[in-house]
Amino acid sequence: LFSEKCLQGFLPQLFSRWDAIDCNHVVTIVLFARVFYSHDPNHDGSDWTAPSLSPSPAGGWHTVLLPLKKEFLDFQKHVLETQIVDGSTILFGQNSAASEGNVLETVNLALNLFDRHYVDRDLSRTGLSILIVTPGIGFFEVDPDICAITTQRVIVNGIGLDLVCLSKPPLFTVPLFQ
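Under full-length UniProt numbering, the very last position in the sequence shown is 178; numbers go up by exactly one each time.
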């Protein structure tokens with residue numbers, strides 16, 4: 001999951017930069033995954049998304065890290081485990097590889113928030129963007145139809161889309177959608 005690298009490296013550095021330049025952001029953090037369940041090998045997997053937190057914290061960005069760590073720790077209990085008849089818990093699902101994940105579906109979910117960004121603008125919020133943090137290298141296996149729709153929505157709405165890959169960079173240009 002690379003959660004430690006994200007929670008102890010990337011996010012604290014990002015929040016420190018934001019604090020240093022005294023900027024304001026309205027942030028929604030959404031955790032997402034595609035899970036394959038062992039009982040159905042022909043199933044494409046189930047997509048899981050969970051908005052973790054929305055408002056900008058009053059106590060500073062570093063107060064966000066503790067609830068986010070808890071959310072990462074609870075992921076296995078909520079998504080991968082199931083309770084069987086005798087009351088014990090077993091591991092029932094398996095995370096997909098980052099390349100097989102539901103990245104475009106999640107981008108479209110985020111784009112829904114921006115669909116009517118031009119209505120009743122108060123100009124307190126400008127510069128809409130999406131930042132994706134992935135444990136992968138930036139290669140994604142995607143549905144071509146969803147890729148076309150997502151590309152069109154991002155371009156038409158003028159939304160910036162940044163990708164942060166926590167793995168070592170590959171020898172080819174990313175992101176790459178196949």
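Using N, Cα and C, we set each Cβ at its ideal position, and we do this for glycine too. Given the structure is predicted, the values throughout are model-derived calculations rather than measurements.
Original post:
Would you call the CB atoms of ASP22 and TRP61 closer than 9 Å?
Top reply: no
**OP:** From the DSSP output, in three-state form, read off GLY93 for me.
**Re:** Three-state DSSP puts GLY93 in a strand.
Original post:
Do the segment 4-16 and the segment 137-144 make contact, defined as three or more Cβ pairs closer than 8 Å?
Top reply: no
Original post:
From the DSSP output, which residues share a beta bridge with GLY9?
Top reply: Answer is none; GLY9 lacks a bridge partner.
Original post:
Apart from the five residues just before and just after VAL174, which ones in its own chain have a Cβ nearer than 6 Å to its Cβ?
Top reply: GLY138
**OP:** Identify the continuous alpha helix (DSSP H) that holds CYS147 and give its terminal residues.
**Re:** 144-157
**OP:** Classify PHE75 as buried or exposed, calling it buried when 16 or more other Cβ atoms lie within 10 Å of its own Cβ.
**Re:** buried
Subject >> Beta-carbon separation (whole angstroms), TYR37 vs PHE92, contact threshold 8 Å >> reply: The beta-carbon distance between TYR37 and PHE92, rounded to whole angstroms, is 6 Å. This is short enough to meet the 8 Å contact definition.
Original post:
Do LEU131 and VAL164 have their CB atoms nearer than 9 Å?
Top reply: If you check the CB distance, LEU131 and VAL164 come in under 9 Å.
Subject >> Separation of ASN102 from LYS168, as counted between CA atoms >> reply: One C-alpha to the other measures close to 21 Å.
Original post:
When burial is assigned at 16 or more other CB atoms within 10 Å of the CB, is ASN95 buried or exposed?
Top reply: So ASN95 counts as buried.
Subject >> C-alpha distance - LEU161 paired with GLY87, whole-angstrom precision >> reply: 44 Å
Original post:
Which residues mark the beginning and the end of the beta strand (DSSP E) in which THR82 is found?
Top reply: 81-83
Subject >> Reference VAL79; option with closest CA among LEU31, ARG153, SER129 >> reply: LEU31
Subject >> Inter-residue spacing [alpha-carbon to alpha-carbon] between ASP115 and GLN83 >> reply: 40 Å
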